[in-house]
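Chemist: In the order they appear, the protein sequences are chains S and R. Per this note's numbering, residue 1 is the first one in the first sequence, and the count goes up by one each step. Per this note's numbering, residue 1001 is the first one in the second sequence, and the count goes up by one each step. Idealized CB from N, CA, C, for every residue including glycine. Given the structure is predicted, the values throughout are model-derived calculations rather than measurements.
Number of protein chains: 2
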Amino acid sequence: MSHWLKMIRTNPELVAYTEKLFQQGSHNIHEEAFGAKHKIMEQDHRYRKVYLIREGIAKCYISDENGKEFIQEFLGEGMEFGELEVFSNKLTICSVESITPLKVFSVSHDGFHQLLKTDPHFNMLILKALADKIRYKAPRHSYQHAYPIEDNILRLKKLFPELTEVIPKKDIANYIGVTTRSLNRALKELKEKSGA
Amino acid sequence: MSHWLKMIRTNPELVAYTEKLFQQGSHNIHEEAFGAKHKIMEQDHRYRKVYLIREGIAKCYISDENGKEFIQEFLGEGMEFGELEVFSNKLTICSVESITPLKVFSVSHDGFHQLLKTDPHFNMLILKALADKIRYKAPRHSYQHAYPIEDNILRLKKLFPELTEVIPKKDIANYIGVTTRSLNRALKELKEKSGA
DNA sequence: TAACCAGTGGGACAAATGTCCTTTTTAAAA
DNA sequence: TTTTAAAAAGGACATTTGTCCCACTGGTTA
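1) Along chain S, in chain order, which residues have C-beta atoms closer than 7 Å to that of Phe1122 (chain R)?
2) Drop a sphere of 10 angstroms on the beta-carbon of Ser2 (chain S), count the other beta-carbons inside from all chains shown, and report buried for 16 or more, exposed for fewer.
3) Consider the Cβ of Arg181 (chain S): report whether some Cβ of chain R lies at a distance smaller than 8 Å.
4) So if DSSP puts His30 (chain S) in a beta bridge, which residue, or which two residues, is it bridged to?
5) Give me whichever residues DSSP pairs with Cys1060 (chain R) in a beta bridge.
6) By the 7 Å beta-carbon criterion, what residues does the stretch 55-79 of chain S contribute toward chain R?
7) State the start and end residues of the unbroken beta strand (DSSP E) segment that holds His175 (chain S).
8) Taking the CB atoms as reference points, tell me whether Ile62 (chain S) and Gly76 (chain S) lie closer together than 8 Å.
9) If you compare alpha carbons, which of R:Ile1167, R:Arg1048, R:Ala1131, R:Leu1154 is closest to Glu83 (chain S)?
10) Report the CB separation of Gly1177 (chain R) from His145 (chain S) in whole angstroms; it is logged as a contact under 8 Å.
11) Quick check: is the beta carbon of Leu187 (chain S) nearer than 8 Å to any beta carbon in chain R?
12) Suppose the cutoff is 6 Å on Cβ atoms and the five residues either side in sequence are ignored; what does the same chain contact list for Gly1078 (chain R) look like?
13) Going by other Cβ atoms of all chains shown within 10 Å of its Cβ, with 16 needed for buried, is Ser88 (chain S) buried or exposed?
14) Spell out whether any CB of chain S is found under 8 Å from the CB atom of Ile1053 (chain R).
15) With a threshold of 16 other CB atoms inside 10 Å of the CB of Gly56 (chain S), please say whether the residue is buried or exposed.
16) If you drop the 5 nearest sequence neighbours on each side, which residues of the same chain put their C-beta closer than 7 Å to that of Leu1021 (chain R)?
17) Terminal residues of the continuous alpha helix (DSSP H) containing Glu1165 (chain R)?
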């Protein structure tokens, strides 16, 4: 009933297996690194690579015409991005930006197709990863709509107390889908309640 | 910039190919039918089948403790449901209920695995279908948050004018993520604006 | 026909959230 | 240390949305 709330998503199995392929010398897989706050992908652009996070945290978000950001996911170890465009050959829908410094694997679209076709285990891991992304998103938005901000924060803090030390307030607000002002208000009220 | 707004989702390629497999006598694939307003899957239960819609419309939704429904997708021809649990072997997160009478294909989990392993084209279609579900959901929720109800309705009506004749108001409201009252209010204001 | 129910539409008020702007705090740079 | 910029916190007010009602309609059933 609450596992989905895990805020920074991971996929240990996928990163472990990719690591193994890499160590075996698969020339489809390359290493890259980015500093903090680096914009790796930009919404509505075309890319020909799939990334997989080995270390660090990134945010995946959509921004509208007014510059408002809405965060889709916080990506941790083992999470991939840029993979959706392998199948549809369309433009990216999300921007991805590193929060902490990042170490990633990168695989070209062709290399990714190659792996999917020739490696059944890899194929299954990707299917599972996609399915998990869907499963994860479903309850999140419905919950955020159905409950007031306070409840949302409470749950987040319970599962991830170090939250505010790693992720800036603005990003948390954009994740919940409210303004910073509203987030602060809710936090203050929570403090007063627990203090009294 | 607006294709995603298509409210009732379809996947012609997938249904065509499945139809073909069925006609060729694949014993993994079976036919089933349901009347309108029939609850086919219920949240938090376990199922061992994947369904694919040949004809009709269904809604896929999550409901919370208070009975509030939040609609994830309206499923049309070619959309599958119950497929996420093939990979994770967990309980269903969504309930699925037919809106109109439904004709579907059903495939057991084992049969589905079979097809994924032995039929590369089927495998690719499923990968694509999963990727599309993710792509579709991302902008939808961010949009609904960022813009007032009115704007959301306007877009829906523009893309799908016959909307209110096929889908009950309550479902539309649950899809947008607001109460029926708010939906009505917005509709009224729109009417007044266009009238003046 | 009468009774009933689900779906629809809306009034009045309460609560939640956003907007705008200012102050405080923190952390980095000079 | 001082200076500066960015992040965080919050006051005051406007707007949006929700809650709780009640009224109206059409179709079904006793």
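Modeler: Let's see:
1) Within 7 Å Cβ-Cβ: nothing; Phe1122 (chain R) doesn't reach chain S, min ~12 Å.
2) For Ser2 (chain S), the predicted model reports a pLDDT of 30, less than 50, meaning its position is unreliable; a value from the coordinates is still stated below. Answer is exposed; the Cβ neighbour count stays below 16.
3) no
4) S:Ser106
5) R:Glu1073, R:Val1096
6) Ile62, Asp64, Lys68, Phe70, Gln72
7) Looking at the sequence shown, residue 175 (chain S) is not His but Tyr. Premise fails: Tyr175 (chain S) lies in the alpha helix (DSSP H), 169-176, not in any beta strand (DSSP E).
8) no
9) R:Ala1131
10) 4 Å
11) no
12) Thr1010, Asn1011, Pro1012, Leu1014, Val1015
13) exposed
14) no
15) buried
16) Ile1029
17) 1163-1166
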